[in-house]
Amino acid sequence: MSVMRRIQVGFLGGLLSVLPFMQACQDQELANQLEELSEELEEAKQINNLLAFRQTILDARVSEVLVSNVAEEPNGEWNLSFEDGSVYQVDSGIVAEVALDSASWKVDFTLSDASEVSGHFIGNLSITEEQIELNPFNSAPLSALAQVSTPVKGSFVVTVKGQDGDVSDIIYESPNVGTEHSLPIIGLYGEYDNTVELTFVSATGAVRATHTTTVTTEALPTGLPTVDIVVPLSNPAQNTLFLVNYRAVNMPFMMDAFGKVRWFSNGFTTVRKYGLQIFANGNVGYGVAGAGQGSVMEYTLVGEFVREYTFYPAYENAHHDVFELPNGNLLVAVNETGGETIEDQIIEMDRNSGAILTEWDLRESLPTDRLTFRVIQDGADWFHNNAIWYDERDHSLILSGQAQGVVKVDWDNNLKWILAPHEGWPEEYQDYLLQPTEAEGFEWVWGQHAPQVLPSGNLLLFDNGFGR
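Using my numbering, the final residue of the sequence shown is 485, and nothing's skipped along the way.
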């Protein structure tokens, strides 16, 4: 073999032996790059998981959804449960430390990158005896007021446990969502260690914590009646309470479906009140009667004064009835100040401004000289309006005149019908007299009170039978 040939063969042999080495170097470099890329991806994943966890906690804070449980798994993962029922699983290596503060309802997370993020956690609800005041305004001895601060926003459900099963519980749901809570406790029994539950709930009603306490009351005052149940309600609804304007001792009270007094007020001993009722907002309303008196009063059930709606001097003597309209305005049975007749005027008062919006003078829609079963001195009390009912079906008023009968007038004081014995009505009123659909066995009402339209459209009223 020539020298040149030997050189060529040697070169090729050397080259062939170098190629595997070069390939090995390239493979190692690629492997290193892949490893670096994998580490970068893992780091990016870790950063993404950290950001996602942080965002989850911040979103929960903004939406005011509290963490209900934090649990670490054996593999280093964490499970976070929220009060809305959702569960968030945290990969291992994200959370380094968790600190819970039950008093401040706070959870602090220290993350693997040494950063921190805080959220709200369902902690302990602590309410002291000093925060609950019995009869705070000295006029409702079976009521109390609890003043509670909470670390996070929410509302309360107050339950006074009843003596006759769950249906006798009196339950109040606070409409206010916040951190400062003034909670009325209504429905206590007299001379009793009442069990009261204060339940803190989220804005969506999720139960967070419940505090149970005892509120002890004194015996009921002399004069309130003892009620015997003759025929029990077959299926009483929750919070069934009957408001009684007990003028015998001038102490209105409320009894439950089992005849037990659950509320009374001793703050009216010098006030003649009529039209006592519970307004749509849960407050007590009534008219102040008497010459020179001209207002409707509003109080909370714990006895706190809310507002006085005054209509004096144009009118006076809020006798017999006050009716709250669906829009909140008030219909009041009144007298015209200095008028020659009495108990024949109705006014509508604006609930916000107190202004008189509408006036009904029944002397303009009915005869004032019709003779009735009553002896009417000087004809002054010719109608004796003792009740008002607003008929929302046709935006009209149904009025009970003890001396005349039941009548309906529209918003412009035009007569629509008369429900009364037919004797003594002038000719021009004959077309307004209602006729019985079944004359046999029918009797007219006499000296009636308290008409109201039932859901069926029928008219319910109390027939006193005066003069029958």
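Don't be surprised by glycine CBs; every beta carbon is placed ideally from N, CA and C.
Given the structure is predicted, the values throughout are model-derived calculations rather than measurements.
Within 8 Å, strictly: CB atoms of residue i and residue j
{"i": "I74", "j": "V112", "result": "no"}
{"i": "E333", "j": "A308", "result": "yes"}
{"i": "N283", "j": "M268", "result": "yes"}
{"i": "S417", "j": "N402", "result": "yes"}
{"i": "N66", "j": "D108", "result": "yes"}
{"i": "A335", "j": "A297", "result": "no"}
{"i": "E214", "j": "T176", "result": "yes"}
{"i": "N96", "j": "Q106", "result": "yes"}
{"i": "V349", "j": "W406", "result": "no"}
{"i": "R368", "j": "G345", "result": "yes"}
Inter-residue spacing [alpha-carbon to alpha-carbon] between residue i and residue j
{"i": "I202", "j": "V232", "result": "10 Å"}
{"i": "E341", "j": "L374", "result": "14 Å"}
{"i": "L318", "j": "S160", "result": "7 Å"}
{"i": "V165", "j": "G136", "result": "22 Å"}
{"i": "W377", "j": "G179", "result": "45 Å"}
{"i": "R225", "j": "A372", "result": "45 Å"}
{"i": "E357", "j": "Q447", "result": "27 Å"}
{"i": "N300", "j": "L200", "result": "14 Å"}
{"i": "V519", "j": "P153", "result": "In the structure displayed, the chain extends from 18 to 485; residue 519 sits before or after that span and is not available."}
{"i": "Y206", "j": "F217", "result": "24 Å"}
{"i": "P238", "j": "A88", "result": "55 Å"}
{"i": "E150", "j": "Q255", "result": "25 Å"}
{"i": "F259", "j": "E445", "result": "42 Å"}
{"i": "V169", "j": "W122", "result": "7 Å"}
{"i": "W442", "j": "T389", "result": "10 Å"}
{"i": "L241", "j": "K425", "result": "37 Å"}
{"i": "F285", "j": "D210", "result": "26 Å"}
{"i": "N475", "j": "E147", "result": "51 Å"}
{"i": "I24", "j": "E46", "result": "In this prediction, I24 has a pLDDT of 47, which is less than 50 and means its spatial position is unreliable; what the coordinates show is noted afterwards. Whole-angstrom Cα-Cα distance: 33 Å."}
{"i": "Y263", "j": "F281", "result": "10 Å"}
Residue environment, residue i, which counts as buried when at least 16 other CB atoms sit within 10 Å
{"i": "P472", "result": "exposed"}
{"i": "K290", "result": "buried"}
{"i": "I435", "result": "buried"}
{"i": "L491", "result": "Since the displayed the chain opens at 18 and closes at 485, residue 491 lies outside it and no answer follows."}
{"i": "H412", "result": "exposed"}
{"i": "D361", "result": "buried"}
{"i": "Q465", "result": "buried"}
{"i": "I246", "result": "exposed"}
{"i": "V323", "result": "exposed"}
{"i": "E455", "result": "exposed"}
{"i": "V337", "result": "Reading off the sequence, residue 337 comes out as His, not Val. Looking at its Cβ environment, which holds 16 or more other Cβ atoms inside 10 Å, H337 is buried."}
{"i": "G222", "result": "exposed"}
{"i": "A265", "result": "exposed"}
{"i": "Q452", "result": "exposed"}
{"i": "P158", "result": "buried"}
{"i": "A131", "result": "exposed"}
{"i": "E197", "result": "exposed"}
{"i": "W428", "result": "exposed"}
{"i": "E315", "result": "buried"}
{"i": "P468", "result": "buried"}
{"i": "V104", "result": "exposed"}
Heavy atom of the ligand GTP within 7 Å of residue i beta-carbon
{"i": "G356", "result": "The ligand GTP is absent from the structure shown, which contains no ligands of any kind."}
Checklist entry - Would you say the segment 178 to 191 touches the segment 344 to 361, given that touching needs at least three Cβ pairs under 8 Å? => result No contact exists between the segment 178 to 191 and the segment 344 to 361.
Checklist entry - Unbroken beta strand (DSSP E) runs of length 3 or more, entirely within the segment 260 to 295: which are they? => result Segments of the beta strand (DSSP E) lying fully in the segment 260 to 295: 270 to 273, 278 to 281, 290 to 295.
Item to check | Given 8 Å, three or more beta-carbon pairs between the segment 275 to 287 and the segment 240 to 255 | outcome: Yes: at least three Cβ pairs fall under 8 Å.
Next on the checklist: Three or more C-beta pairs under 8 Å: does that hold for the segment 80 to 88 against the segment 58 to 72?
Outcome noted: Counting C-beta pairs with one atom in each stretch, the segment 80 to 88 and the segment 58 to 72 have fewer than three that are closer than 8 Å, which means they do not touch.
Checklist entry - Which parts of the segment 428 to 462 are runs of the beta strand (DSSP E), unbroken and 3 residues or longer, counting only runs that do not cross its ends? => result If we require 3 residues or more, the beta strand (DSSP E) runs fully inside the segment 428 to 462 come out as 432 to 436.
Next on the checklist: Please give me, in chain order, every unbroken run of the beta strand (DSSP E) with length at least 3 that falls completely inside the segment 376 to 430.
Outcome noted: You should have 402 to 408, 413 to 418, 422 to 427.
Next on the checklist: List, from N- to C-terminal side, the beta strand (DSSP E) runs of 3 residues or more that fit wholly inside the segment 184 to 248.
Outcome noted: Runs found: 187 to 190, 195 to 203, 210 to 218, 224 to 233.
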